[in-house]
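Since the structure comes first, as structure tokens, the remarks are kept for the end.
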């Protein structure tokens, strides 16, 4: 895997493990700091508020560092060229062959996922659990009305899974393909049915452009993400170059 060496964002991606250890160490030291302020310094409301803010920021730090580590390990195992990285939205852009693909890791808690939850998804029970979004841009315009977060029902745990998402294993569900995609690539189900964590694949809108989107559960590994990239590649090729035009 080729990784750019310059820039702060690349340093964050490569050093996710170090950042994670630092965040955990700070979390361990916080009770000591709290005890110090209680015994030595006057424990005012302002000190309490500062400690709460520090604790909250440290938790977010730990969550983001864990995501950086996950994405970096994922990119390494995919054996592809890493082209870009968004440390806030937790997106890596990779090149595999001649195509560009985006892989977003959506944790339950991060700056961006919290923003999405507040502005897009409404009540807390509508917020999806940790999942992956994988997509590739399509050349041309195709019928699509919803963006990536318009399909969250396919990766949101159902029933008891909402209460115990970390205890239950991956729920067995059928993969959903949107109708427009199946018209253009009718054999897609046979190609993708062995990807156990894949829950949805279809056309979506990203920055006024059409993308081919795949949604995978939190149980997806690098092999399943790699298989999803291959399916996206074949489907995108058939959409952009239908057999009737070859």
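Residue numbers (the working numbering): 1 to 246. Positions of the beta carbon are idealized from the N, C-alpha and C atoms, including for glycine.
- C-beta atoms of residue 232 and residue 155 nearer than 8 Å: Position 232 of the chain shown, counted from the first residue, corresponds to residue 232. Position 155 of the chain shown, counted from the first residue, corresponds to residue 155. Taking C-beta atoms as the reference points, residue 232 and residue 155 fail to come closer than 8 Å.
- Query: DSSP state of residue 153, grouped into three classes?
  - Reply: Taking the first residue of the chain shown as position 1, residue 153 is located at position 153. Of the three classes helix, strand and coil, the one that applies to residue 153 here is helix, per DSSP.
- Message: Let me check one thing: in DSSP terms, what residues is residue 77 bridge-paired to?
- Response: By one-based count along the chain shown, residue 77 stands at place 77. None, per the DSSP bridge assignment.
- Return the residue from the list 207, 50, 237, 147 that minimises the CA-CA distance to residue 215. Residue numbering aside, residue 215 sits at position 215 when the chain shown is read from its first letter. Checking every option, the nearest Cα to that of residue 215 belongs to 147.
- Task: Look at the Cβ atom of residue 263, then the Cβ atom of residue 228, and state whether they are nearer than 8 Å.
- Result: In the structure as shown, the chain begins at 1 and stops at 246. Residue 263 is therefore absent and cannot be evaluated.
- Alpha-carbon to alpha-carbon, residue 108 and residue 179: Here residue 179 refers to the residue found at position 179 when the chain shown is read from its first residue. Here residue 108 refers to the residue found at position 108 when the chain shown is read from its first residue. Between residue 179 and residue 108, the alpha-carbon positions lie close to 29 Å from each other.
- What's the gap between the Cα of residue 87 and the Cα of residue 35? Position 87 of the chain shown, counting from 1, holds the residue named residue 87. Position 35 of the chain shown, counting from 1, holds the residue named residue 35. Rounded to the nearest angstrom, the two C-alpha atoms are 34 Å apart.
- Message: Helix, strand or coil, according to DSSP, for residue 178 in the structure here?
- Response: Along the chain shown, one-based indexing puts residue 178 at 178. Shown here, residue 178 sits in coil according to DSSP, grouped into three states, outside any helix or strand.
- When DSSP builds the beta bridges, which residues end up paired with residue 211? Position 211 of the chain shown holds residue 211. Bridge partners of residue 211 according to DSSP: 137, 204.
- Would you identify the three-state DSSP class for residue 35, choosing helix, strand or coil? Numbered from 1 along the chain shown, position 35 holds the residue referred to as residue 35. Helix, per DSSP.
- Message: If the criterion is Cβ atoms closer than 8 Å, does the pair residue 136 and residue 112 meet it?
- Response: Working through the chain shown from its first residue, we reach residue 136 at position 136. Working through the chain shown from its first residue, we reach residue 112 at position 112. Note that the C-beta distance between residue 136 and residue 112 is not below 8 Å.
- Does the distance from the C-beta atom of residue 13 to that of residue 104 stay below 8 Å? Looking up residue 13 in the chain shown gives position 13. Looking up residue 104 in the chain shown gives position 104. For residue 13 and residue 104, no; Cβs fall outside 8 Å.
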